Each structure stands twice: as C-alpha cells, then as structure tokens.
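Student: Residues in the sequence shown are numbered from 1 upward in steps of one, following the UniProt record's numbering.
All C-beta atoms, glycine included, are put in the ideal place defined by N, C-alpha and C.
This structure is a prediction, so every number in the text was calculated from the model and none was measured.
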Amino acid sequence: MAGRAACCDNTEGAGTSTSCGVPDFRGPKGIWTLQRQGKGVPEASLPFDRAMPSLTHMALVELEKAGILKFVISQNVDGLHLKSGIPREKLAELHGNSFREVCPSCGMEYLRDFEVETIGLKNTPRRCVEEKCKARLRDTVLDCEDELPGKEMNLAEQQCEMADMILCLGTSLQITPACDIPLRALRNGGKVVIVNLQQTPKDKDASLVIHGLVDEVISGVMSYLYLRIPPFVRVDVFQIVFTRCTRLSDKRFMKWRLRVASIHGQNAPLPFVRSVEVSFPGRPELKVATLSKQPFLLKRETVAKRSCCIMLKLNLSDGCACSYTSIDFPVDFQGSLNLSTLRNVQHIYQVERT
C-alpha cells in the first residue's frame, strides 16, 4: 500500500457499514436480494443516527493520517466516513449523505447530528446562516432518478487516475457508472484490489481479489503495517436555553422557560435524548418534572430568588455509551434576562478488534 492509494468503498451500503448495523443491498441478506425473494426488508439494528463507524472506518482514518490513503469514494449515505474523521476534502459521497445539507446559493455545507427530513435534493425546513445569503437549504441524498453529482464524480475520477492502487472494500461493483471509476487507475499503471464476500464483475480486472469480511481483512493489513486502529470518540452537543421575565403585576414572581435543544436550531430534532428529568435541589417547593418528548421545554412561575440550581438528567437513546448524563444548571434570577449555554456530552466508544 505504499505510494498514492485511493479507497473506493461500499456500493449501496455493503461492506464497511454492515457491521455498524446498516443493512446492505446486494448481499445474501441484502435489501434488494430479500425483496426479489419476496421476503421482508431487514431492519437496521440501530437508528441511522446511532450507528457508529466500524473498525474499517477507523482504520481508514489512521491510513489517511499516515499519508497512505489519499482519498475515499463512497456510495453510502450513512455519513459514517465524515463521522469517523475522514476530511471532507478527501471524500466523495456519490449518493449524498443523510446528515448533510447544502445551500444551493452559496455552496455552504451543514453536517447535522440527525437525519435530514427529505431526499431527492429537495428543500429542507432550514436556511443558510450566512448573513448575505439566507437561502433555503437542500438535502444531498439522491433519489433513484437523480444523476450523480458532477463535482463529486469528477473529483472521484481524477483521484482514481492518479492513484497507485485502488482498494475496493465491500462493494459489488455492479452499479454504473460508479462501478467503472476504480478501473481508471489502470490507465496509468495503477492496480485494483477488491475485498468483498461475493464475486464481482470487475474481479478479472483486479490485481488481487480477497473474498472475506472487510473488517477482518483490514485488521490484517493494519497489523502488517504496524498501525493502530484508533477508537471512535463520539461527541454529542446540545444547548440549554433559559429565558425569564418578571411578572408585571407582582415583581416578586418570575416566569421562566428552560429548554434542552439541538445546536442546529431549537426546532431541530435531538435524536440522542429520550427524555429529560428536571429537579430543583434545595427548593422543595418546586415540583420535579419529566419531559418525555420533544420539544423538551419546561415553563414555570416561581418566587424570584437570587439564584437557583436546576438539576437535569438526560436519558439517552439506545446505542449511546451510557444510559443517561446529569447536568447542574445554575440560574441567577437577577442576572441578564436571556441566558444560553452549550453543554457537551462525550461518549467514548472503543472500536472492537476482531
């Protein structure tokens, strides 16, 4: 793998993402295979937003940092390459990304922690935050009738033509025109290596074909290169917004609102939180509250004191490293009228080595 290597991975979600709980399409238990057999569509073992990068995803990150891997081409829409740490400028997502929005006016991209509501390059509920733009954003996931994005395709083709070797991981290499992109390396003396459980139509053009699980093969490669596969560190970010106002008729009382919200906007989904429990240590007169669905919003009217500590217990969704996290949120009723703070919840996932 010395020299300039590009990685063309994953046709339609197979290979590197199946071990993440994302079903493939063309494998023996893939979505399209089971549909042709009249069987039900397999369910993902985790919600899309909870799927975490696999051992292979993290190995590719380390190969990129080591200067061995120069570029990644993906047909997956699960967003796991960006989540794992592959730089955006070294990634072509040919079918888009379920977590990425783009501004059609200025080109600004936005990576979300929730699945964007639409597919087919349609308008989403949000707008560009650039002051001179404010255009409606669009999703980036292709529908079956959409053409592959020209910018991503051109970049993928250029990288393959420059590569010393193309590593095809977990791809059936059956969908045109993407399946022909790796062969561009052959024009300039490059080599193609295919790792897939089943045979592919391009096996005859490859210098090496390995029929096996991608995670197992990449583990052997990393061991041979004496490179460590790093753990995946997940960081979920949310904001707590507290606003208050004095009751005009009696300034001894204070109306206030507390909201646990997404950093992508107060109306954006917060998929990693199931519920929020709110308590008030040292204030027994204040009733404990449980916010069981979004928006996680609490409204109260209390006697205005100088300060108060609000205890928040966030019960997290399945797939998180822990079941909950607790936060002490101090409030000064005599401070400024609008308080807002960002809180980070960091979950560390140790990637399993097989």
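Buried or exposed: cysteine 179, going by 16 or more other Cβ atoms within 10 Å of its Cβ?
Tutor: Indexing the sequence shown from 1 puts residue 179 at position 179. Buried, by the Cβ-count rule.
Student: Report the option in Gln174, Pro104, Pro231 and Met165 whose CA atom is closest to the CA atom of methionine 58.
Tutor: As a first step, residue 58 is located in the sequence shown; it is residue number 58 there, counting from the start. With distances taken between Cα atoms, methionine 58 lies closest to Pro231.
Student: Assess contact between the region 290-306 and the region 257-276, defined as three or more Cβ pairs (one per stretch) separated by less than 8 Å. Is contact present?
Tutor: With the cut-off at 8 Å, the region 290-306 and the region 257-276 touch.
Student: Quick check on DSSP: helix, strand or coil for glutamate 145?
Tutor: On the sequence shown, position 145 is the one that residue 145 refers to. The answer is coil: DSSP assigns glutamate 145 none of H, G, I, E or B.
Student: Measure from the alpha carbon of phenylalanine 238 to the alpha carbon of each residue in Met165, Glu62, Val141 and Asp113, then state which is nearest.
Tutor: Position 238 of the sequence shown, counting from 1, holds the residue named residue 238. Out of Met165, Glu62, Val141 and Asp113, Asp113 has the C-alpha closest to the C-alpha of phenylalanine 238.
Student: Quick check: what's the CA-CA separation for glycine 27 versus asparagine 196?
Tutor: Residue mapping note: residue 27 aligns to position 27 of the sequence shown, counting from 1. Residue mapping note: residue 196 aligns to position 196 of the sequence shown, counting from 1. Here glycine 27 scores only 49 on pLDDT, less than 50, and its place in the model should not be relied on; the value that follows carries that caveat. When rounded, the distance between both Cα atoms is 10 Å.
Student: If I follow the unbroken alpha helix (DSSP H) through lysine 132, where does it start and stop?
Tutor: Along the sequence shown, one-based indexing puts residue 132 at 132. Where lysine 132 is concerned, there is no enclosing alpha helix (DSSP H), given that its DSSP letter is neither H nor E.
Student: Just to confirm, is the Cβ distance from lysine 83 to phenylalanine 71 under 8 Å?
Tutor: Taking the first residue of the sequence shown as position 1, residue 83 is located at position 83. Taking the first residue of the sequence shown as position 1, residue 71 is located at position 71. No.
Student: On the DSSP letters alone, give me the boundaries of the alpha helix (DSSP H) that threonine 290 sits inside.
Tutor: In the sequence shown, the residue the question calls residue 290 occupies position 290. No alpha helix (DSSP H) contains threonine 290, which is instead part of the beta strand (DSSP E) from 289-291.
Student: Assuming the contact rule is C-beta atoms closer than 8 Å, leucine 298 and arginine 252 should be a hit. Round their C-beta distance to whole Å, please.
Tutor: Within the sequence shown, numbered from 1, the residue matching residue 298 stands at position 298. Within the sequence shown, numbered from 1, the residue matching residue 252 stands at position 252. Between arginine 252 and leucine 298 the Cβ distance is about 21 Å, and since that is not below 8 Å, they are no contact.
Student: With a threshold of 16 other CB atoms inside 10 Å of the CB of residue 357, please say whether the residue is buried or exposed.
Tutor: Shown here, the chain extends from 1 to 354; a query on residue 357 therefore has no answer.
Student: Note down, in chain order, each residue of its chain lying with its Cβ closer than 7 Å to the Cβ of aspartate 146, except the 5 sequence neighbours on either side.
Tutor: Walking along the sequence shown from the start, residue 146 turns up at place 146. Here the set comprises Gly120 and Leu121.
Student: Taking the alpha carbon of residue 355 as the reference point, which residue from Ile310, Pro271, Gly212 and Val241 has its own alpha carbon closest?
Tutor: In the structure displayed, the chain extends from 1 to 354; residue 355 sits before or after that span and is not available.
Student: Using C-beta distances below 7 Å, list every residue in its chain close to serine 98, excluding the 5 sequence neighbours before and after it, in chain order.
Tutor: If you number the sequence shown from 1, residue 98 lands on position 98. The answer, listed in chain order, is Phe48, Val77, Asp78, Gly79, Glu115, Val116 and Val141.
Student: Exposed or buried, which one is lysine 202 when buried takes at least 16 other CB atoms within 10 Å?
Tutor: Position 202 of the sequence shown holds residue 202. It counts as buried.
Student: How far does the alpha helix (DSSP H) with serine 307 in it extend, from its first residue to its last?
Tutor: Counting from 1 along the sequence shown, the entry for residue 307 is found at position 307. Looking at the DSSP string, serine 307 is not in any alpha helix (DSSP H); the run it does join, the beta strand (DSSP E), is 307-316.
Student: When we look at the beta-carbon of serine 207 and count the other beta-carbons within 10 Å, is it buried (16 or more) or exposed?
Tutor: In the sequence shown, counting from the first residue as 1, residue 207 sits at position 207. The residue in question, serine 207, is exposed, as its Cβ has fewer than 16 Cβ neighbours within 10 Å.
Student: Kindly list the residues whose CB is nearer than 6 Å to the CB of threonine 56, restricted to its own chain and excluding five residues on each side of it in sequence; keep chain order.
Tutor: Walking along the sequence shown from the start, residue 56 turns up at place 56. For threonine 56, where only same-chain residues beyond five positions count, the Cβ hits under 6 Å are Thr16, Val214, Asp215 and Ile218.
Student: Quick one: measure Cβ to Cβ for asparagine 166 and alanine 185, integer angstroms, because I've assumed they're closer than 8 Å.
Tutor: Along the sequence shown, read from residue 1 onward, the residue named residue 166 stands at position 166. Along the sequence shown, read from residue 1 onward, the residue named residue 185 stands at position 185. As written in the sequence, residue 166 is isoleucine, which differs from the asparagine given in the question. The Cβ separation is near 5 Å, so the contact holds.
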